[in-house]
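Heads up, the thing below is written out as structure tokens.
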Amino acid sequence: MKALIVVLRTMRPHPWRLLLGAFTGAAAVGAAIALLGVSGWLITRAAQQPPVLFLMVAIVGVRAFGIGRGVLRYSERLISHDVALRGVVRLRETLFARLATADDTVAAGLKRGDLLARLGADADELGDVIVRGILPFITAVITGAASVVALWLILPEAGLVLAAATLVGLIAVPVLAGTGGRRDVVGTARARSEMSENVLALLDSLPELTVAGRTGERMAAIARSDDKLSRGLDRAARPAAWAAGLGSAVMSAAVLGCLMVGVHAVAAGEIREVWLAVLAFVPLALAEVIEALPAASVSLVRAAEAARRVAPLLETGADQPYVLQARPVPNSAYLGGKSLRLVRDLPGLHLRAQNLSAGWPGREPAVRGLDLDLTAGRRIAIVGPSGQGKSTLLRTLGGLLPPAGGRMMMDATDVGDGIDLVDVHTRSLRRQVHLTADDAHVFGTTVRENLRVAAKDASDEELLTALERAGLGTWIADLSEGDTKGLDVVVGDPAGPGQGAGTHLLSGGLRRRLLLARAFASGAPVLLVDEPAEHLDPSTADDLVAEVLAAPDPGRTAVVVTHRLTPLALADEVLVIDGGVVAARGTHDQLIAGYPPYRSAWAAERCETPVSS
Amino acid sequence: MKPLDPRLLEQARAARRYVVLTTGLGVATTALLVVQALLLARIIADVAMDGESFADVQNQVVWLGIVLAVRAVLTGAQERFGHRAATAVVRQLRERLLEHATRELGPGRKPAPPSSAGKNGAQMALLATRGLDALDGYLTRYLPQLLLTATLTPAILVVIWWEDWIAGLTVLLTLPLIPFFMALIGMASQDQADRSLNSLQRLGTHVLDLIAGLPTLRAIGTAGAQARMVRSAGDAHRRATMKTLRTAFLSALALEILVTLSVALVAVGIGLRLVHGSLDLHTGLAVLLLAPEVYAPLRAVGTHFHASQDGLAAAQQAFDVLEQPVPARGTRSAPDLARTELSFEDVSVQHEGVPTATPDGLTATVRPGEIVALTGPSGCGKTSAVAVLLGLREPTTGEIGLAPAGMPAFALADVDPQSWWAQIAWCPQHPVLVPGTLRENVTLLRPSATDAEIAEAAKVTGFEDVVRTVPGEWHSRVGQGGTGLSAGQRQRLALTRLLLSEAQLIVLDEPTAHLDAGSEQAVLALLAELRRRGRTVVMVAHRPALVAAADRTIDLAGVPSGLKTEAPGLETGSQMGVPA
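Chains as they are written, first to last, in my numbering: chain S, 1 to 613; chain C, 1001 to 1580.
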């Protein structure tokens, strides 16, 4: 429940709209109850054959309640659904924003199926609870209280009977439905998430699983999740059945009880005959309200469960040690009152690593003791066997990971020296330091938007220049898909989720080049590029690495992690990482001369000409 | 969309027992409702008009108590078993949907659309999970109500008629107005439910794409700004939903008012006749209580129909997928690949929106036991050529020929794909990680592999070193998207998989993509091992060391008909040499 409150607070349902929803809902239900009650009175009174004029008020009341019920119900549904949907959108947006700024490990720890469940089904469930969980309770309390008061005014005993029944209905029924259902709902949620994961795993890699002959086994896994789901649903139905039965029983008892005290009272002459129908009909109408409560209660339980999964994501950022947004911008303190955010270029930006260790938080550092001076315009290459933490090091150099030891600092003209990257405002830093990860994502949108992700305000001309520099000049000029051309073509990564009809699927090489174009378009003075040559044939790969290392603007600093050695002659310095330390460093020529493993790897690369068939 | 889709009813056969049970409970509940109304009316009339005392009506009160108690039990039972029908049908439909998706792949598969009814994996997944779950409302509420309407509405009408024929006639005349209105309004909202589901799916894909790109956005520092995209997608969805709801609720409002007016018409008649003394109070009260019940099932059908629209729309989409013809498959069993020569015979694959085919007229042979490298600049069709060879897609022109030693040659299209795939192990660019342990993943191609075999294979590929660093080692769990494994580690896992497989033909797509020059040795060792075992290897290769390790190279950039790749600027690969 605590989690639910946290999440609901995030959804910020508009208080007036929520209240309006609750009161229109209560009024609608009240109208229905009043309709039956007044009708009962009217008919009994009519049977006493009074002058028709005596019935006029009641007749008008019946009409008003009849029409009012429908109209009020309609308004209530629209208001409550709107409140709920707005809340869901806000929740999704907030979740995404939190994940965007949270610790890397949080985002990486969530599987795609999980994320889909959190941002999809869970968010919907949390919207649902406003309509189906919270409002029905408020409505039931208001109308229950009003009905009890009404009967009390007619006959206090009847009021007491109804009060007792309503109390049981308002408390015992939902508690039974809720407590019993809780454990089962958890089981269902797990089975659903498991199923979602299994279905995604099957469909995402269908060709591979087909060739491997494992689709049958994956289908069996899905069938197992389905079994679990069916069992969970069945278990969840059991306490729900008890709650529904109790709800019906308790309100039936109220009808019977009110009728009995009413009969006695009429016989004793305590009340007039016309009220007897009212005493029986009001509990009858109120039964509908109480019978809706088990569902409301289950909705609350489900929402609480969804909230339990969602709330930790909302809280990330609050107490994570390394969340850049959590540290207030120290611009004024460190940067002499200048907001880096507004600065496009930092003249003389100089990144410095001092005895730097790089590693994921909570794990052993992958690389230790690195000293590196990235003066403006320097071109550095980092090579070494895979799995040695080169990518982790690159992230640390860019300030995306906190140093596992030592310091990662920046100096800049007019700003100051020795500022820890951890203290620099994230967005300012990212604008200065652009990192292209080896698994960087191409979005299922236009070429233009894919580049603008890194360069919000860039003109088409600038984007075309960036594409040209990444070797995509001719490609973009010829690109067309359906009626779209050039920058307007929607592209997609064949492995990514965002592809539909009219999408131009990119091959591995084109994808890398587009990512490089994105880096160039960003205009950042420091480029960190991880494996630009992956998935490419040797000469294209070398061209790309060379393109990064030989970028024409003299002020631009570049660090490339690569497995291609041939183009590294262009680098000012090459660092060989092996065994968690810098095993060797120097220029390309120095390493060929003085570091045998480098020389042999380079030699292997040089026998490039493929054998002809 | 029809309120009753016969295809869905056919599916519902799986759950007929429960549909019948639910309907039976509904009939019993309503019968008790009628008895309850009559008893209530009798007791009130007797006491209020005839001045009877409690002792006089005691019997009726006891009966009323029994009726109410039984109703409570039935209500519980309804809740207990009502959901089972939906569970069974949704499950069956999901299974058929996924099975259809798996059967769509094959040598006869047309290059486009990418998948059933133009759906990609994420959309299919959404349909197969949340989309179908929406059927619950249709099957547990709408369908039983529909059956109740057919049986109960006339039954209650008969009771009213029997009590008071004038009221009965009034009800009979107003009753047809409701289905008429329902049909009118249903037609209007059906279109919107369709759109709403589409929008839901678009949102799903869109948000999924943004989430997949989250690490990238974070690295660039603009992830926060993209939250706006999530909001605008969500707002679009909200507007679409509210539009559907406005119509759906408006129709509910119209129905409600229609029913209220009808009941009022009955009530006014009763009231006037009561005042004139031509009707007794018992009949008046009974009719007043029963009149709304005539309309109730119809109204419920209306309400639940709108609630089940999403489910119906999802079912419609599922049937659209299921009705896509599955490509015909060959029936010949595949020859023993250890003694069969494979050939690309003038294979071209035309991609949508790309002027030239890639590959374009590829002709080449692969002999058993040979290691062949496919080379060429990116975008020249290496991956497509592999897909054709694997029998996963149909070439636009040309075919894969199979020439078993001492037997006449035939085309891959005639071969039963199962027997073909049984002899192939394939490592694609993005190898799959199935939810399960590392061990389950590494033995994906041969679950019977022993621990010793696994250890040996992992040693060759260097995956051993990776496993050692993972807590729980071989029993640690990995999930969708490869939690805890880097791309390079995942690649090594896939290589280990290949080594454990007993397939004759090994197909590798860019096997060293994540390995650097230093650890290329591991892949070379793998190739050497495969060569020793006499396996045939077709690999998409870029690295000279790998190309050098191959017996032969098929250079796609040098295909004679003159390659014009999708990126002419990338044709640097042509300097890599032209094949004979």
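C-beta: ideal position from N, C-alpha, C; glycine also.
According to the Cβ coordinates, are V1540/C and I1424/C closer than 8 Å? no
Given this structure, state the Cα-to-Cα distance separating I1400/C from R1533/C, to the nearest angstrom. 25 Å
Restricting to Cα atoms, I'd like to know which of V1067/C, A1557/C, R1141/C, F1054/C is closest to G1311/C. R1141/C
Reference V561/S, options P554/S, Q432/S, L549/S, closest by Cα: L549/S
Measuring only the C-alpha atoms, how far is A221/S from E197/S? 10 Å
According to a CB-to-CB cut-off of less than 9 Å, which residues of the stretch 1059 to 1084 of chain C neighbour chain S? V1061, L1064, G1065, V1067, L1068, A1069, R1071, A1072, V1073, L1074, T1075, G1076, A1077, Q1078, E1079, R1080, F1081, G1082, H1083, R1084
Taking 7 Å as the limit between beta carbons, can you name the residues of its chain near G31/S, skipping five residues before and five after? Correcting the residue type first, residue 31/S is Ala in the shown sequence and not Gly. Taken in chain order, the residues that qualify are F65, G68, R69, L72.
Return the residue from the list T188/S, T210/S, A292/S that minimises the CA-CA distance to T1075/C. A292/S
Would you list, in sequence order, the uninterrupted alpha helix (DSSP H) runs of no fewer than 4 residues that lie entirely inside the stretch 520 to 604 of chain S? 538 to 549, 588 to 594
Compare the C-beta of S205/S with all C-beta atoms of chain C and state if any pair is closer than 8 Å. yes
Between the stretch 1 to 32 of chain S and chain C, which residues of the former have a C-beta closer than 8 Å to a C-beta of the latter? none
Going along chain C, which residues have a C-beta under 9 Å from R73/S? F1249, A1252, L1253, E1256
At least one CB of chain D closer than 8 Å to the CB of A1219/C: is that the case? Included in the structure are the protein chains S and C, with no chain D among them.
Ignoring anything shorter than 3 residues or poking outside the stretch 1333 to 1378 of chain C, list the beta strand (DSSP E) runs there in chain order. 1340 to 1348, 1362 to 1366, 1371 to 1375
Whose Cβ in chain C lies nearer than 8 Å to the Cβ of I380/S? Near I380/S there are no residues of chain C at all, since even the closest Cβ is about 17 Å away, more than 8 Å.
Would you grab the beta carbon distance between C1427/C and L1495/C for me? Rounded to a whole angstrom, and I think it's under 8 Å. 7 Å
Going by beta carbon distance, what residues of the same chain come within less than 7 Å of W1161/C, once the five residues before and after it are set aside? G1168
Where does N450/S land, buried or exposed, given buried means 16+ other C-beta within 10 angstroms? buried
Pull up the CB-CB distance for I621/S and G1024/C, whole angstroms please, since I reckon it's below 8 Å. Outside the displayed span of chain S (1 to 613) sits residue 621/S, for which this structure offers no information.
Work out the CA separation of R224/S and V581/S for me, nearest whole Å. 47 Å
Which stretch, first to last residue, makes up the beta strand (DSSP E) that contains E364/S? Unbroken run through E364/S: none, as it is neither H nor E.
Any 3 or more C-beta pairs closer than 8 Å across the stretch 1286 to 1298 of chain C and the stretch 1264 to 1272 of chain C: yes
When you compare the CB positions of P1395/C and V1386/C, do they come within less than 8 Å of one another, or not? no
At least one CB of chain S closer than 8 Å to the CB of R1016/C: is that the case? no
Are the CB atoms of L479/S and R448/S nearer to each other than 8 Å? no
Closest by CA to L421/S, which one among R352/S, L176/S, P51/S, A164/S? R352/S
What residues of chain C sit near S248/S, judged by a beta carbon separation below 7 Å? R1071, A1072, T1075
Spell out whether any CB of chain C is found under 8 Å from the CB atom of F520/S. no
Bounding residues of the beta strand (DSSP E) (the contiguous stretch that carries P1404/C): 1397 to 1404
Could you check the C-alpha separation between A265/S and I271/S for me, to the nearest Å? 6 Å
Relative to the alpha-carbon of L279/S, which residue among V6/S, A268/S, V263/S has its alpha-carbon at the smallest distance? V263/S
Quick check: the stretch 1434 to 1451 of chain C against the stretch 205 to 220 of chain S, are there 3 or more CB pairs under 8 Å? yes
I want to verify the contact list: residues of chain S whose CB lies under 7 Å from the CB of R1238/C, in sequence order. L85, R86, V89
Quick one: Cα of L1402/C to Cα of E1341/C, how far? 6 Å
So, is the C-beta of L78/S closer than 8 Å to a C-beta in chain C? yes
Take every Cβ of the stretch 1238 to 1257 of chain C, pair it with every Cβ of the stretch 240 to 260 of chain S, and state whether three or more of those distances are shorter than 8 Å. no
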